[in-house]
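Asker: Supplied in structure tokens, the structure appears directly below.
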Amino acid sequence: REGGVLGLGREATPEEVAAWDIDVRPDGKGLPVGSGTVAEGEVLFADNCAVCHGDFGEGVGRWPVLAGGEDTLTDERPEKTIGSYWPYLSTVYDYVRRAMPYGNARSLSDDDVYALTAYLLYLNYIVEDEEFELSNENFLDHRLPNEENFIADDRAEEAHYARKGEPCMTDCKADPVTITMRARILDVTPGTVGD
Amino acid sequence: MSDKTTSPIPNLSRRSLLKAGLATGLTAGAVGSARAGGDPLITEIQEWNRYLGDGVQARPYGTPSEFEAHVVRRDVEWLTASTESSVNFTPLHELDGILTPNGLCFERHHGGIAEIDPAAHRLMINGLVDTPLVFTMEDLKRFPRENRIYFLECAANSGMEWRGSQLNGCQYTHGMVHCVMYTGVPLKLILEEAGIKTNAKWVMPEGADSSAMTRSIPMEKALDDCLVAFKMNGEALRPEQGYPLRLVVPGWEGNMWVKWLRRIEVGDQPWHQREETSKYTDLLENGKARRFTWVMDPKSVITSPSPQAPVPHGKGPLVISGIAWSGNGRISRVDVSLDGGRNWTTARLDGPSLPKAMHRFYLDIDWDGSDLLLQSRAMDEHGFYQPTKNELRAERGENSIYHNNGIQTWHVKADGTAENVEVS
Numbered sequence: 013r014e015g016g017v018l019g020l021g022r023e024a025t026p027e028e029v030a031a032w033d034i035d036v037r038p039d040g041k042g043l044p045v046g047s048g049t050v051a052e053g054e055v056l057f058a059d060n061c062a063v064c065h066g067d068f069g070e071g072v073g074r075w076p077v078l079a080g081g082e083d084t085l086t087d088e089r090p091e092k093t094i095g096s097y098w099p100y101l102s103t104v105y106d107y108v109r110r111a112m113p114y115g116n117a118r119s120l121s122d123d124d125v126y127a128l129t130a131y132l133l134y135l136n137y138i139v140e141d142e143e144f145e146l147s148n149e150n151f152l153d154h155r156l157p158n159e160e161n162f163i164a165d166d167r168a169e170e171a172h173y174a175r176k177g178e179p180c181m182t183d184c185k186a187d188p189v190t191i192t193m194r195a196r197i198l199d200v201t202p203g204t205v206g207d
Numbered sequence: 452m453s454d455k456t457t458s459p460i461p462n463l464s465r466r467s468l469l470k471a472g473l474a475t476g477l478t479a480g481a482v483g484s485a486r487a488g489g490d491p492l493i494t495e496i497q498e499w500n501r502y503l504g505d506g507v508q509a510r511p512y513g514t515p516s517e518f519e520a521h522v523v524r525r526d527v528e529w530l531t532a533s534t535e536s537s538v539n540f541t542p543l544h545e546l547d548g549i550l551t552p553n554g555l556c557f558e559r560h561h562g563g564i565a566e567i568d569p570a571a572h573r574l575m576i577n578g579l580v581d582t583p584l585v586f587t588m589e590d591l592k593r594f595p596r597e598n599r600i601y602f603l604e605c606a607a608n609s610g611m612e613w614r615g616s617q618l619n620g621c622q623y624t625h626g627m628v629h630c631v632m633y634t635g636v637p638l639k640l641i642l643e644e645a646g647i648k649t650n651a652k653w654v655m656p657e658g659a660d661s662s663a664m665t666r667s668i669p670m671e672k673a674l675d676d677c678l679v680a681f682k683m684n685g686e687a688l689r690p691e692q693g694y695p696l697r698l699v700v701p702g703w704e705g706n707m708w709v710k711w712l713r714r715i716e717v718g719d720q721p722w723h724q725r726e727e728t729s730k731y732t733d734l735l736e737n738g739k740a741r742r743f744t745w746v747m748d749p750k751s752v753i754t755s756p757s758p759q760a761p762v763p764h765g766k767g768p769l770v771i772s773g774i775a776w777s778g779n780g781r782i783s784r785v786d787v788s789l790d791g792g793r794n795w796t797t798a799r800l801d802g803p804s805l806p807k808a809m810h811r812f813y814l815d816i817d818w819d820g821s822d823l824l825l826q827s828r829a830m831d832e833h834g835f836y837q838p839t840k841n842e843l844r845a846e847r848g849e850n851s852i853y854h855n856n857g858i859q860t861w862h863v864k865a866d867g868t869a870e871n872v873e874v875s
């Protein structure tokens with residue numbers, strides 16, 4: 013075979029690659045042929061998802077909230093959901109197919125995942141028609157609202173990193189240092205000190 | 452002193468009676484204090500001084516002394532909805548040096564611990580390669596190997612502290628980090644075996660567990676220092692650390708170190724997977740979010756004294772001990788403050804100084820018993836130094852979740868206890 017330097021390993025068969033390579037990119041690369049409607053997704057969601065995520069994606073207990081939270085990203089307590097935060101619909105399809113339901117991953121068909129993705133669009137008011145059908149054909153027509161709000165890592169430009177050089181060593185604060193907050197007051201640490 | 456080895460009553464032996472008596476004697480007197488006639492631990496013959504101990508095969512895989520039973524990973528139950536997608540914490544306050552014992556390395560799983568027979572494990576390379584390949588573990592162990600010591604820090608380490616002091620102990624505030632020696636194959640060699648195409652710009656590792664973890668990594672990093680590792684600290688990876696195979700991504704956030712590694716796809720664009728869109732993106736105060744914040748910035752923490760490691764001995768000589776690390780390279784210096792950051796003294800680095808590895812620092816002081824506001828500040832070889840939490844908040848707000856490398860303060864009181872605090 014070509015490319016081998018040490019001649020280790022063997023060529024992967026197309027069936028093997030197809031079995032494991034199920035990832036989907038924002039440009040649609042990797043989407044399987046298939047489709048599913050909001051109405052179908054609602055039934056699947058009730059049977060497979062709602063026990064943790066709630067009937068409307070609102071989340072049960074501490075399980076993740078999947079819908080809502082629009083315009084909360086600058087709030088003191090933002091609610092980051094598919095609708096309010098996620099940039100790409102491809103991630104919804106990909107992640108549900110690879111890792112959900114939690115504890116029973118890879119149990120959904122490709123059409124099931126299209127239906128659930130359609131239902132999640134519906135729960136997030138991105139589509140409004142219960143008869144809406146999502147498929148590999150129209151998948152790229154639907155974008156998530158927060159796509160434009162992701163930026164590159166620019167930490168190096170933050171003031172504390174940009175200045176580099178020698179830090180202050182003596183008399184670095186004008187006034188005596190005071191304590192402004194104590195963990196013990198919250199008392200949320202497991203066990204006791206020294207246990 | 453507990454006596455776990457004492458027999459049930461019907462079988463009480465002379466030896467176990469002696470042990471029980473010794474235990475009572477020890478609790479009655481202050482350990483180590485001089486008495487009339489001297490310390491009985493010296494003047495009386497001790498059990499271990501008289502009787503034979505266990506033979507060589509009593510402990511075919513050794514475990515720590517029973518007196519170290521408190522040195523364990525711990526979790527914080529309220530942090531997550533389920534223990535299978537959760538985290539626990541390395542007991543940093545009890546450790547020294549730079550290497551973390553395998554059984555104490557913190558765990559972070561998204562679908563529990565996959566238990567994989569290495570004979571049933573496969574690694575696939577596919578995508579923009581000349582030949583998609585499948586390797587067995589035996590194949591991988593025929594590649595040339597490297598041994599490298601690196602820290603692995605969860606992107607969310609200290610994340611609970613963005614809004615202020617919350618958890619009381621460096622195990623909880625800083626314990627999503629460990630540092631071990633990995634043995635593995637450079638990812639570059641494995642990619643070259645498949646032959647990467649000229650338009651290949653990214654790789655995506657994928658795990659074999661039920662979360663099928665995936666991350667996009669730029670090809671430059673993949674060809675630089677990433678390892679496909681099968682050993683840690685000389686022995687096979689622990690199941691909770693990805694047995695039989697994991698990716699090592701030196702200096703970069705722990706989420707990318709995909710465990711139970713089963714596939715690496717080569718592509719021309721990032722995949723924008725769940726763990727690099729919904730998670731491991733850093734929300735800023737203006738509602739924008741940084742993505743692909745890969746490097747773990749310079750960071751340090753004093754591990755003793757700390758809330759779980761109070762000063763037991765009163766005034767006089769006191770060892771201030773801590774760890775520092777940077778995803779950019781070596782730590783060049785750590786400064787320690789006793790007064791909440793007004794004045795700083797450069798501490799002593801001790802032990803190996805390796806790039807993208809943990810460093811150990813000490814400052815030996817003569818404690819006069821007054822309150823201390825202990826802080827440490829790491830600098831790396833590129834001149835980046837660790838910011839204060841308030842400096843980070845000024846740039847990012849309080850909702851970034853990840854990448855909190857702000858300076859930690861411990862308030863050490865006259866009685867030797869210590870508390871996690873924030874200072875002005």
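Going down the list, the protein sequences come from chains A and B.
Per the numbering used here, the very first residue in the first sequence carries number 13; after that it's consecutive.
Per the numbering used here, the very first residue in the second sequence carries number 452; after that it's consecutive.
The beta-carbon is built from N, C-alpha and C at its ideal position, and this holds for glycine as well.
Chain B beta carbons: is any one of them nearer than 7 Å to that of A/Arg13?
Answerer: A caution first: A/Arg13 carries a pLDDT of 47, below 50, which makes its placement in the model unreliable, though a value can still be read off. Chain B, which has a Cβ nearer than 7 Å to the Cβ of A/Arg13, makes this yes.
Asker: Listing by chain order, which chain A residues have their CB less than 8 Å from the CB of B/Val585?
Answerer: Chain A residues near B/Val585: Gly21, Arg22, Glu23, Ala24 and Glu28.
Asker: Does DSSP classify B/Arg828 as helix, strand or coil?
Answerer: In the structure shown, B/Arg828 sits in a strand (DSSP, three-state: E or B).
Asker: Terminal residues of the continuous beta strand (DSSP E) containing B/Asp505?
Answerer: Per DSSP, B/Asp505 belongs to no beta strand (DSSP E) and is neither H nor E.
Asker: With a threshold of 8 Å, are at least 3 pairs of Cβ atoms found where one atom belongs to the segment 721-731 of chain B and the other to the segment 94-114 of chain A?
Answerer: The segment 721-731 of chain B is in contact with the segment 94-114 of chain A.
Asker: What does the alpha-carbon distance come out to for the pair B/Gly476 and B/Pro768?
Answerer: Unreliable positioning characterises B/Gly476 in this predicted model, as indicated by a pLDDT of 39, which lies under 50. A coordinate reading is not provided.
Asker: If we cut at 7 Å on Cβ distances, does B/Asn577 have a partner in chain A?
Answerer: At least one chain A Cβ lies under 7 Å of B/Asn577.
Asker: Using only CA atoms, which one of B/Arg697, B/Met747 and B/Asp568 lies nearest to B/Gln837?
Answerer: Residue B/Met747 is the option with its Cα nearest to B/Gln837.
Asker: Terminal residues of the continuous beta strand (DSSP E) containing A/Ile194?
Answerer: Correcting the residue identity first, residue 194 of chain A is Arg in this sequence and not Ile. That run of the beta strand (DSSP E) goes Ile191 to Arg194.
Asker: Just how far apart, CA to CA, sit B/Trp745 and B/Pro656?
Answerer: Going from the Cα of B/Trp745 to the Cα of B/Pro656 covers about 15 Å.
Asker: Name, going along the chain, the residues of the segment 175-191 of chain A whose beta-carbon falls closer than 7 Å to a beta-carbon of chain C.
Answerer: Note that chain C does not occur in the displayed structure, where the protein chains are A and B.
Asker: I'd like to know if the segment 533-548 of chain B and the segment 756-773 of chain B are in contact, where contact means that at least 3 CB-CB pairs between them fall below 8 Å.
Answerer: A contact exists between the segment 533-548 of chain B and the segment 756-773 of chain B.
Asker: Please work out which residues of its chain come closer than 8 Å, Cβ to Cβ, to B/Ser804, disregarding the five sequence neighbours upstream and downstream, and give them in chain order.
Answerer: Once the five neighbours on either side are set aside, the close Cβ partners of B/Ser804 are Arg781, Ile782 and His810.
Asker: Does A/His154 come within less than 7 Å of chain B when only Cβ atoms are used?
Answerer: Not an interface residue.
Asker: What do you reckon, are the CB atoms on B/Gly562 and B/Glu736 nearer than 7 Å?
Answerer: In this structure, B/Glu736 does not lie closer than 7 Å to B/Gly562 by Cβ.
Asker: Can you check the segment 157-196 of chain A for any beta strand (DSSP E) of at least 3 residues that lies completely inside it and give the ranges in chain order?
Answerer: With a minimum length of 3 residues, the continuous beta strand (DSSP E) runs that stay inside the segment 157-196 of chain A are 191-194.
Asker: Could you tell me which uninterrupted beta strand (DSSP E) segments, each at least 3 residues in length, are contained entirely in the segment 540-599 of chain B, listed from first to last along the chain?
Answerer: Segments of the beta strand (DSSP E) lying fully in the segment 540-599 of chain B: 573-578 and 584-587.
Asker: State the beta-bridge partners of B/Gly773 as determined by DSSP.
Answerer: Paired residues: B/Ile753 and B/Phe812.
Asker: Starting from A/Glu70, find everything on chain B with Cβ-Cβ shorter than 8 Å and list it in chain order.
Answerer: Near A/Glu70 there are no residues of chain B at all, since even the closest Cβ is about 14 Å away, more than 8 Å.
Asker: Nearest-angstrom Cα distance between B/Ala651 and B/Phe586?
Answerer: In a straight line, the C-alpha of B/Ala651 is about 21 Å away from that of B/Phe586.
Asker: Verify the CB distance criterion: does A/His172 have a CB-CB separation below 7 Å to chain B?
Answerer: Chain B contact via Cβ: present.
Asker: Starting from the C-beta of A/Asp141, find all residues in its chain whose C-beta is less than 6 Å away, skip the five residues before and the five after it, and write them out in chain order.
Answerer: Answer for A/Asp141: no residue qualifies.
Asker: What residue range is occupied by the uninterrupted alpha helix (DSSP H) comprising B/Val631?
Answerer: Unbroken run through B/Val631 is the beta strand (DSSP E), Val628 to Pro637; no alpha helix (DSSP H).
Asker: With a CB to CB cut of under 7 Å and the five nearest residues on each side skipped, what residues in its chain are close to B/Leu473?
Answerer: Note that B/Leu473 has pLDDT 42, beneath the 50 cutoff, so the model's placement of it is unreliable and no number is given.
Asker: Short of 6 Å in beta carbon distance, which residues of its chain neighbour B/Ser537, apart from the five on each side in sequence? Order them along the chain.
Answerer: Here the set comprises Thr531.
Asker: Are the segment 596-611 of chain B and the segment 627-644 of chain B touching, with three or more C-beta to C-beta distances below 8 Å?
Answerer: Output reads yes: the segment 627-644 of chain B touches the segment 596-611 of chain B.
Asker: Looking only at DSSP bridge pairs, what is A/Leu7 linked to?
Answerer: Missing from the structure shown is residue 7 of chain A; chain A here goes from 13 to 207 and no further.
Asker: Threshold first: 3 residues or longer. Then list the beta strand (DSSP E) segments lying entirely within the segment 46-132 of chain A, N to C.
Answerer: Taking only runs of at least 3 residues, the beta strand (DSSP E) segments lying wholly in the segment 46-132 of chain A are 47-49.
Asker: Of all the CB atoms in chain A, is at least one closer than 7 Å to the CB of B/Thr744?
Answerer: For B/Thr744, the answer is yes, since a Cβ of chain A falls inside 7 Å of its Cβ.
Asker: Grouping DSSP H, G and I as helix and E and B as strand, with all else coil, what is A/Tyr134?
Answerer: Looking at A/Tyr134 - three-state DSSP - the assignment turns out to be helix.
Asker: If you count every other CB in all the chains shown that lies within 10 Å of the CB of B/Gln617, and 16 or more means buried, which is it?
Answerer: It counts as buried.
Asker: The segment 655-676 of chain B: which residues have C-beta closer than 8 Å to a C-beta of chain A, in chain order?
Answerer: Cβ contacts with chain A come from Met655, Glu657, Ser661, Ser662, Ala663 and Thr665.
Asker: Measure how close the beta-carbons of A/Thr84 and A/Ser96 come, nearest whole angstrom, since I'm counting them as under 8 Å.
Answerer: Sure, about 6 Å apart at Cβ, within 8 Å.
Asker: Report the residue ranges of all beta strand (DSSP E) runs contained in full by the segment 689-720 of chain B; include only those spanning at least 3 residues, in chain order.
Answerer: Taking only runs of at least 3 residues, the beta strand (DSSP E) segments lying wholly in the segment 689-720 of chain B are 697-699 and 712-718.
Asker: Counting only Cβ pairs nearer than 8 Å, list the residues of chain B close to A/Val17.
Answerer: Leu640, Glu643 and Glu644, listed in chain order.
Asker: Does the segment 828-844 of chain B come close enough to the segment 163-180 of chain A to have 3 or more Cβ pairs within less than 8 Å?
Answerer: Output reads yes: the segment 163-180 of chain A touches the segment 828-844 of chain B.
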